[in-house]
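Read in this note's numbering, the sequence shown has 43 at position 43, and its numbers run on one by one without any break.
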Amino acid sequence: MTMKTYSILAVCLVMSAGCSESASDAQGDPVPLAVEMAKMAPPFDIPAGAYKFDPNHARLTFVVAHMGLSNYQARFTDYEVKLDLDPVNPAASSVTVLINPASVKTDYSGDYKAGHADSPYESWDDDLSRSPNFFNSDVYPKIMFQSTKVEPTGSKSARITGDLTFLGKTLPVTLDTKVVGAVTKHPFGDFAAIGFEARGSIKRSDFGMSFMQGPNLLGDTVTIEFGGEFVKDIAPAHAE
C-alpha cells in the first residue's frame with residue numbers, strides 16, 4: 001500500500017467517522033476508528049530505486065571465539081554494498097556485497113616477526129588475509145554475498161537470505177536486518193537516505209576453514225555484523 005493510498009483511506013475514514021465504530025483510549029474515552037486508521041503509514045516514505053553505499057559511515061566486522069577467553073573481533077576496510085530498495089514492497093528489494101579479503105584489519109600490536117620467524121608474511125593482518133589457513137586472498141581475492149530473498153519481519157526489520165561465496169564455495173546465509181533511520185531529504189544534500197544494520201553467522205568449517213578449530217582455540221561459528229548508510233543514487237540529467 002502506497003503513502004497516497006494510506007492518505008486517501010485516512011480521509012475517507014475521517015469523513016465517515018460519525019458512523020464508524022469506536023475504540024477506547026487509555027482513559028476509557030471513545031476514539032474514532034478513523035483516527036486510529038489515519039495514524040497508519042508506511043514505516044518510511046522514501047523513493048524506491050538504487051541507493052549508493054557511503055563507506056565513510058559504515059562498518060563490517062566479524063567475531064570468533066578465541067581460546068575460550070574472549071570473542072575476537074576484526075574488520076574489513078575495503079568493501080562495497082549495492083542496495084536496490086523498494087520501501088513499499090520490501091520483498092522486492094535486493095542487496096549485493098563485495099569484500100576484498102586482503103583488507104582485513106585486526107589492530108595487532110605485537111611484534112609479529114619476532115613471534116613468527118618462519119612466516120612468509122610481514123604482519124598478522126597479512127597472514128590472516130593471505131594464508132591458506134585463513135582467507136587465502138591470493139587465490140580467492142573476493143568474498144561475495146548476493147541476496148535471494150527478503151522477508152519483512154516487522155515495520156522496520158527483515159530477514160535477508162542470500163548466497164555467500166567464500167573460499168571457492170557458495171552456501172546460503174541468513175542475515176537479520178533492521179532500519180536505523182531514513183530521511184526523504186539528507187541534511188547535507190537534496191536526496192533521500194537510509195541506514196540499516198545486519199547480523200548473521202556462518203560455520204567457517206562449512207567453507208573449508210578449519211585451522212585451529214578445536215577445544216579452546218578458535219571457534220567455528222563466525223558472527224558477521226554490518227552497519228551503514230546509503231543515499232539515493234540520482235542519475236545525472238541528460239543534456240537536451
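We treat Cβ as the ideally placed atom computed from N, Cα and C, and that holds for glycine.
Source: prediction; values computed, not measured.
Based on the DSSP secondary-structure assignment, which residues constitute the bridge partners of residue i?
| i | result |
| --- | --- |
| GLN66 | The displayed chain sequence assigns His, not Gln, to residue 66. Per DSSP, SER70, LEU218. |
| THR184 | Answer by DSSP bridge pairing: none, since THR184 is not bridged. |
| THR177 | ALA158, ALA198 |
| SER147 | GLY162 |
| HIS191 | Looking at the sequence shown, residue 191 is not His but Phe. PHE191 is not bridged to any residue. |
| THR61 | ARG75, GLU225 |
| PRO172 | ASP163 |
| SER94 | ASP84 |
| LYS203 | THR221 |
| ILE99 | TYR79, ILE143 |
| GLY115 | DSSP, once it has assigned bridges, lists no residue as partnering GLY115. |
Mapping the DSSP letters down to three states, classify residue i as helix, strand or coil.
| i | result |
| --- | --- |
| LEU167 | coil |
| TYR121 | coil |
| ASP233 | coil |
| TYR140 | coil |
| ASP107 | coil |
| ASP54 | strand |
| PHE226 | strand |
| PRO152 | strand |
| LEU84 | For clarity, residue 84 is Asp in the given sequence; the question names Leu instead. Looking at ASP84 - three-state DSSP - the assignment turns out to be strand. |
| GLY208 | coil |
| SER131 | coil |
Under 8 Å Cβ to Cβ from residue i, same chain only, skipping five residues before and after it: list those, please.
| i | result |
| --- | --- |
| SER119 | TYR112, LYS113, ASP127 |
Pop quiz: residue i and residue j are said to be a contact at Cβ under 8 Å. What is the actual Cβ separation, rounded to whole angstroms?
| i | j | result |
| --- | --- | --- |
| HIS57 | GLU229 | 4 Å |
| SER101 | SER70 | The amino acid occupying residue 101 in the given sequence is Pro; Ser does not appear at that position. In fact, because the Cβ distance is near 23 Å, the residues do not count as touching under 8 Å. |
| GLY200 | VAL173 | 6 Å |
For residue i, I'd like the list of residues in its chain whose CB is within less than 6 Å of its CB, leaving aside the five on either flank, ordered along the chain.
| i | result |
| --- | --- |
| SER94 | ASP84, SER147 |
| ALA92 | ASP86 |
With a threshold of 7 Å on Cβ separation, who are the neighbours of residue i within its own chain once the five nearest residues in sequence on each side are excluded?
| i | result |
| --- | --- |
| VAL180 | GLY195, PHE196, GLU197 |
| ASN98 | The question names Asn, but residue 98 in the sequence shown is Leu. TYR79, GLU80, LYS142, MET144, listed in sequence order. |
| ILE8 | Its pLDDT being 34, under 50, ILE8 is placed unreliably by the model, and nothing is read from it. |
| THR106 | ALA74, TRP124, ASP125, LEU128 |
Taking 7 Å as the CB-CB limit, is residue i close to chain C?
| i | result |
| --- | --- |
| VAL179 | Checking the listed chains, one finds no chain C in this structure; it contains a single protein chain. |
> Do three or more CB pairs link the region 47-58 to the region 82-89 at distances below 8 Å?
Replying inline: yes
> Between the region 145-159 and the region 61-80, are three or more C-beta pairs nearer than 8 Å?
Replying inline: no
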